[in-house]
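Just so we're aligned, residue 174 is where the sequence shown starts under the working numbering, counting upward by one.
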Amino acid sequence: MKITDLQKAVQEIDFNDGKQEELLQTLQAGKRRGGRSSALRIAASFAVCLVAVGILSVPVRAVVSSLVKERMEEQPKEEVIKLAEEIQNQSTEANSSTREYTAGEKERRGNLYAQYLEGLFPEKELVRVDSEEAATEHEFCFLTTTGVFYLPANRELTDEEILQQIDFEKKRDYALEEQNAEEIAERKEAQKRQIKEVTDAGGITEEQAVEIATGYLRQVFGLDGNGMELNHYYNTSDSTPITVADTYCVNWSDMGNYRYYYFHIDARSGSLRSLTYSDGKNIEVQETKTPSEADAPAKAEAMKGVAERFLREKLDIQDDYQEVKTYYLVRTPGGSVSRLVDVLFVREDGSADAVSCRWDGVVSDYTVTTKEACEESLASSAKAIAERHTKETGEENEVEVVEN
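Structure, rendered in structure tokens:
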């Protein structure tokens, strides 16, 4: 399992269900950002799960700037433990805010986040209170029992307040990572042993994988990684799904602007196995761009051209394909259409390239796969989504994989 698989699965869940936004934002960012709703308890639960399957491979302090690292490590141990306990004790619907960030706040947050990584820290700590009564006494604070950020109702946040929220979010992440530090360290040792086996057999090093992924970051997105947080780790041979086994995951996070870039590099050959991009606009795109069930077939057909241009122009893949098909999901009753359309390019030998597109034409995923594996994954997703919706609402429904 990898974080990008979870993200993509959540993108297909329940379509217009508000819980999808909670899970997607939690998985993308690992915390609540910029006024969007999510559940930190869900994040904590996922984090425990992700630790178990090897996703959280590097503690937060290893991927942030040295100045932020020092700030995190200077915290009293008692405060770190207390913060981790607060996370675990929050309700499942926690970590929302009393209003959304304004457009101006979002823009300033992006700039301030980059400055935070370079050492621009708040002058004071975010006020944390333990009751709703106490929360009403402050324009800006955090209610620890429910995980709600109380934002000023009649004005925008100041730069200092935005920095306080960024700083608090960093400290929560650090506390959660520290809680699992021993297990993470043990897994990293196991990874090192497997990496040595791979490199001894002629495979690439982790540093080379970062170099290769950086090349794709430039080639596909025109970026060099500056101003973003870099993380990388090795997926061992027993990782699931099998498509990520023996790969290096190299990823960049522009958390201030809600942009995330993930690359999986084959540890033996150095080839690109998959990439995932998210810009945090999934909810807005769904509301304005997701087609009706009647319009979806024609729009899905148009996505073939988008996906092919991505392969040819961005990834420089000039292969001949025997078959090109599109897939998307539709839930009945209601005819809700999934957020993504998958375009599958199948070669004569059965291998395939899958490109997932949002309906506004933005490519979100690329994966090396097979037709059988792609269709099996879609069928499993459709079944899981239908079962989840029935369990939560009590309404019988079906989710169909539509193939063009």
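Just so it is clear, CB atoms sit at the ideal spot from N, CA and C, and this is done for glycine as well.
Taking the continuous beta strand (DSSP E) assigned at asparagine 262, which residues delimit it? No beta strand (DSSP E) holds asparagine 262; the alpha helix (DSSP H) holding it covers 250 to 262.
Would you check if the distance between the CB atom of threonine 505 and the CB atom of glutamate 573 is smaller than 8 Å? Their beta carbons are under 8 Å apart, which means threonine 505 touches glutamate 573 by this criterion.
When we look at the beta-carbon of lysine 344 and count the other beta-carbons within 10 Å, is it buried (16 or more) or exposed? Burial check for lysine 344: the Cβ neighbour count within 10 Å reaches 16 or more, so the residue is buried.
Looking only at C-alpha atoms, which of Glu342, Pro325, Pro464, Ile335 sits nearest to threonine 317? Proximity to threonine 317 across Glu342, Pro325, Pro464, Ile335 peaks at Glu342, based on C-alpha coordinates.
Coil, strand or helix - tyrosine 500 by DSSP: In the structure shown, tyrosine 500 sits in a strand (DSSP, three-state: E or B).
Determine the direct distance from the alpha carbon of glycine 534 to that of valine 479, and round the result to whole angstroms. Spanning the two alpha carbons is a distance of roughly 7 Å.
If you measure between the beta carbons of threonine 420 and arginine 446, is that distance less than 8 Å? Yes; because the gap between Cβ atoms is below 8 Å, this pair is in contact.
As a quick exercise: from Arg244, Gln288, Glu243, pick the residue whose alpha carbon is nearest that of glycine 429. Of the listed residues, the one whose Cα sits closest to glycine 429 is Gln288.
Using the three-state DSSP reduction, which class does glutamate 298 fall into: helix, strand or coil? Glutamate 298: coil per DSSP, three-state reduction.
Give a yes or no on whether the C-beta atoms belonging to tyrosine 539 and leucine 502 are separated by under 8 Å. No. Outside cutoff.
Measuring CB to CB, does valine 417 end up less than 8 Å from alanine 386? With respect to the 8 Å criterion, valine 417 and alanine 386 are not classified as neighbours on the basis of their beta carbons.
Between which two residues does the alpha helix (DSSP H) containing phenylalanine 483 stretch? Taken as a continuous stretch (DSSP letters only), phenylalanine 483 belongs to no alpha helix (DSSP H), as it is neither H nor E.
Can you tell me the Cα-Cα spacing of glutamate 565 and threonine 319, whole angstroms? So the alpha carbons of these two residues sit roughly 22 Å apart.
Output the residue ranges of the beta strand (DSSP E) runs that lie fully inside the segment 287 to 341 and measure 3 residues or longer, sorted by chain position. List check, beta strand (DSSP E) in window: 314 to 316, 321 to 323.
If the criterion is Cβ atoms closer than 8 Å, does the pair leucine 240 and glutamate 291 meet it? A contact, by the Cβ cut-off of 8 Å.
Nearest-angstrom Cα distance between glutamate 474 and histidine 437? Those two C-alpha atoms are separated by around 28 Å.
To the nearest angstrom, how far is the alpha carbon of valine 519 from that of threonine 542? The alpha-carbon atoms of valine 519 and threonine 542 are separated by roughly 9 Å.
To which residues does DSSP link isoleucine 438 through a beta bridge? Tyr421, Leu445, per the DSSP bridge assignment.
Check for me: the alpha helix (DSSP H) holding alanine 354 runs from which residue to which? For alanine 354, the enclosing alpha helix (DSSP H) has its first and last residue at 354 to 373.
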